[in-house]
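Visitor: Got a structure here, written out as structure tokens. Questions coming.
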Amino acid sequence: MGKTLAEKILSAKSGNDARAGDIIIAQVDLVFVQDTTGPLTVRQFRESGLKELARPERTAVFIDHAVPSPTHTLSNDHLVLRRFAAETGAIMSDVG
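Yeah, the sequence shown ends on 96 if you go by our numbering, and it's all consecutive.
Dropping the structure here:
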């Protein structure tokens, strides 16, 4: 049976014959952080003691799920993401 698209990509990136269920090590082209789970990601990043991103030019923060923000809580989450991008040098893809 042929490989799935994900298996083909992960095989190419890892240099191994990757199949579903395998654990691989590969360079990531781009990390996406979005406004639904992004604030949790930022909190975990900070709690881990990390100060900087390994590859900020390969980290993109998106605000695109709750736009315009319907609550103060989400507005604060968006602010957290904007500050994180500014502080770490991550690519910021803001509203619009």
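Backbone N, C-alpha and C fix where the C-beta goes; we use that ideal spot for every residue, glycine too. Keep in mind it's a predicted model, so treat the numbers as computed, not measured.
(1) Is valine 31 closer than 7 Å to phenylalanine 84 when the C-beta atoms are compared?
(2) Give every residue of the same chain whose Cβ lies closer than 6 Å to the Cβ of proline 39, excluding the five residues on either side of it in the sequence, and list them in chain order.
(3) Out of Ala66, Gly89, Glu87, point me to the one whose CA is closest to glycine 96's CA.
(4) Mind checking which residues open and close the alpha helix (DSSP H) that includes isoleucine 9?
(5) Thinking just about the alpha-carbon of each residue, which of Ile91, Ala20, Asp35, Met92 is nearest to the one in threonine 4?
(6) Taking the continuous beta strand (DSSP E) assigned at serine 93, which residues delimit it?
(7) Between isoleucine 9 and the rest of its own chain, which residues show a CB-CB distance below 7 Å, the 5 nearest in sequence each way excluded?
(8) Sort Thr88, Gly2, Pro68 by Cα distance to arginine 58 and report the nearest one.
Guide: Quick look at the numbers:
(1) no
(2) Asp77, Val80
(3) Ala66
(4) 5–14
(5) Ala20
(6) 91–93
(7) none
(8) Thr88
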